[in-house]
Amino acid sequence: MLQPELKLRRDKIRYLMAQQGIDAALIACNVNLLYTYGQIVSGYLYLPLQSPALLFVKRPNNIKGEHIFSIRKPEQIVDLLKENGLPMPAKLMLEGNELPYADYIRLAALFPESEVVNGTSIIREARSIKTPMEIEFLRRSGKLHAQAYSKIPEVYRPGMTDRELSIEVERLMRLEGCLGIFRVFGQTMEIFMGSVLTGDNASAPSPYDFALGGEGLDPSLPGGMNGTQLKEGYSVMVDIGGNFYGYMCDMTRVFSIGKLSDEAYAAHQVCLEVQEKIASMAAPGVVCEDLYNAAIDIVTKAGFADRFMGVSQQARFVGHGIGLEINEAPVLAPRMSQELQPGMTFALEPKIVLPGVGPVGIENSWVVTEGGVEKLTLCEEGIIEL
Numbered sequence: 288m289l290q291p292e293l294k295l296r297r298d299k300i301r302y303l304m305a306q307q308g309i310d311a312a313l314i315a316c317n318v319n320l321l322y323t324y325g326q327i328v329s330g331y332l333y334l335p336l337q338s339p340a341l342l343f344v345k346r347p348n349n350i351k352g353e354h355i356f357s358i359r360k361p362e363q364i365v366d367l368l369k370e371n372g373l374p375m376p377a378k379l380m381l382e383g384n385e386l387p388y389a390d391y392i393r394l395a396a397l398f399p400e401s402e403v404v405n406g407t408s409i410i411r412e413a414r415s416i417k418t419p420m421e422i423e424f425l426r427r428s429g430k431l432h433a434q435a436y437s438k439i440p441e442v443y444r445p446g447m448t449d450r451e452l453s454i455e456v457e458r459l460m461r462l463e464g465c466l467g468i469f470r471v472f473g474q475t476m477e478i479f480m481g482s483v484l485t486g487d488n489a490s491a492p493s494p495y496d497f498a499l500g501g502e503g504l505d506p507s508l509p510g511g512m513n514g515t516q517l518k519e520g521y522s523v524m525v526d527i528g529g530n531f532y533g534y535m536c537d538m539t540r541v542f543s544i545g546k547l548s549d550e551a552y553a554a555h556q557v558c559l560e561v562q563e564k565i566a567s568m569a570a571p572g573v574v575c576e577d578l579y580n581a582a583i584d585i586v587t588k589a590g591f592a593d594r595f596m597g598v599s600q601q602a603r604f605v606g607h608g609i610g611l612e613i614n615e616a617p618v619l620a621p622r623m624s625q626e627l628q629p630g631m632t633f634a635l636e637p638k639i640v641l642p643g644v645g646p647v648g649i650e651n652s653w654v655v656t657e658g659g660v661e662k663l664t665l666c667e668e669g670i671i672e673l
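My numbering numbers the first residue of the sequence shown as 288 and each following residue consecutively.
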């Protein structure tokens, strides 16, 4: 990655640090290391407000260059800072919401004279406004994503289960080069790539705040496919995240086994109307909650409010930010007063669940521009018969 791009990203964090009087940040989480250094390493990036960043690497992996130091344990960091003439920070920022508690305490103890603050919100705010290069990565992700989705009818075979179809979909994604190693970015099993849902399994509640649940294959991952047989009259929702250079777009498309009920096609059209309305409203300065309320107004008037974003367990959002993680800011949800800004990227996913049939709806990824929004995932949006 070009060094000017990394400088731009680090400067965004530094600007926010300066506003809160923070002298330095110690970055340890993989997703933030990728953002600030350009690759995932086993180690720590020390980002002073003024001086060049220093990288402390526990497993070198042939990483060499200026301001790079090999260490065995984090306790060596302080001595190396002193050797390089850097003063101890009066106020140090750690990733409090993302680091395991034991790691946070250990790193904070390295700087006993410093005021240690939680900088997770600062880094997430910086990451929420994408650079032109990041937007291009997401655009590339969307193109690869769409290429894989267009081939799903080719891999369907009558008599399949949702699990068997999911395996074929993941294979397509990998062949198209758009499914990355995503677990490196998550501390919990809540971060997984997506699902294939059909029939009544789509309305099964899960512990996660998803638009659709799914029973899952076993208790360790209670969400998504459960081995349901795909049969005539079922809808099949494929919701998988694409990936290019670590940047994940999000897209959902609906397929059918034969013809669906008239209600299913009507509900799908309502979801498309929600997408069109929100896309027409979304622009810099628009409040996230207002977009959510616009969606609720449409589905309520159409008579689908009780099945919007779930049935027995309804998700209270209609869109979420995307980027290096599949869930970032902004969030289109109640009580979210955040305003959209140019460079923000989000997935918009109005979905309706119909018991006895399955889910319908749409999900596309978007970037906020100076005058509105641009769709990043371009693929057939109607229900596709398998």
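Even for Gly, the Cβ is constructed at its ideal location relative to N, Cα and C.
Shown here, residue 661 sits in a strand according to DSSP, grouped into three states. Minimum Cα-Cα distance from residue 462 among the listed residues 555, 364, 432 corresponds to 432. Counting only the Cα atoms, residue 618 lies some 22 Å from residue 420.
Taking the CA atoms as reference points, residue 319 sits about 8 Å from residue 410. Taking all protein chains shown into account, residue 392 has fewer than 16 neighbouring C-beta atoms within 10 Å of its C-beta and is therefore exposed. Counting only runs of 4+ residues, the alpha helix (DSSP H) found wholly inside the region 331 to 388 occupies 364 to 370, in chain order.
Under a 10 Å Cβ-count criterion, residue 331 is classified as buried, with 16 or more other Cβ atoms of the shown protein chains found around its own Cβ.
Around the Cβ of residue 415, a 10 Å sphere holds 16 or more other Cβ atoms; the residue is buried.
Taken in chain order, the complete beta strand (DSSP E) segments of 3 or more residues contained in the region 532 to 615 are 537 to 543, 606 to 608. In the DSSP assignment, residue 439 falls within the alpha helix (DSSP H) that extends over 439 to 442. DSSP places residue 417 in the coil class of the three-state scheme, outside both helix and strand. Put simply, the backbone Cα of residue 562 is about 23 Å away from that of residue 530. Annotation for residue 638: the continuous beta strand (DSSP E) segment containing it runs 638 to 641.
Between residue 600 and the set 664, 510, 306, the nearest pair of CA atoms involves 510.
At a Cβ-Cβ threshold of 9 Å, residue 342 and residue 354 count as neighbours.
Here DSSP, grouped into helix, strand and coil, assigns residue 315 to coil.
Apart from the 5 residues on each side of it in sequence, residue 347 sits with its Cβ closer than 8 Å to the Cβ of 357 in its chain, given in chain order. A distance below 7 Å between beta-carbons, with the five flanking residues on each side excluded, links residue 602 to the following residues of its chain, in chain order: 496, 497, 498, 596. Annotation: residue 616 to residue 412 spans about 8 Å, alpha carbon to alpha carbon. If the five residues before and after residue 295 are omitted, its C-beta is found closer than 8 Å to the C-beta atoms of 418, all from its own chain and listed in chain order. Fewer than three Cβ pairs drawn from the region 575 to 582 and the region 655 to 664 lie within less than 8 Å of each other, which leaves the two stretches out of contact.
Residue 641 is positioned such that its CB atom lies no closer than 9 Å to that of residue 502.
Of the other Cβ atoms in all chains shown, fewer than 16 fall within 10 Å of the Cβ of residue 672; this residue is therefore exposed. For the pair residue 519 and residue 483, the Cα-to-Cα distance works out to about 16 Å.
Under DSSP, no beta-bridge partner is assigned to residue 644.
For residue 449, the uninterrupted alpha helix (DSSP H) segment begins and ends at 449 to 462.
Contact between residue 629 and residue 638 does not hold, since the beta-carbon distance rounds to 27 Å and is not under 8 Å. Residue 527: not part of any alpha helix (DSSP H); member of the beta strand (DSSP E) spanning 522 to 528, first to last residue. For residue 672, the secondary structure class from DSSP, reduced to helix, strand or coil, is strand.
DSSP places residue 635 in the uninterrupted beta strand (DSSP E) bounded by 632 to 635.
Distance from the CA of residue 571 to the CA of residue 445, rounded to the nearest whole angstrom, comes to 47 Å. Less than 9 Å divides the Cβ of residue 380 from the Cβ of residue 313. When secondary structure is reduced to three states using DSSP, residue 494 falls in the coil class, being assigned neither helix nor strand.
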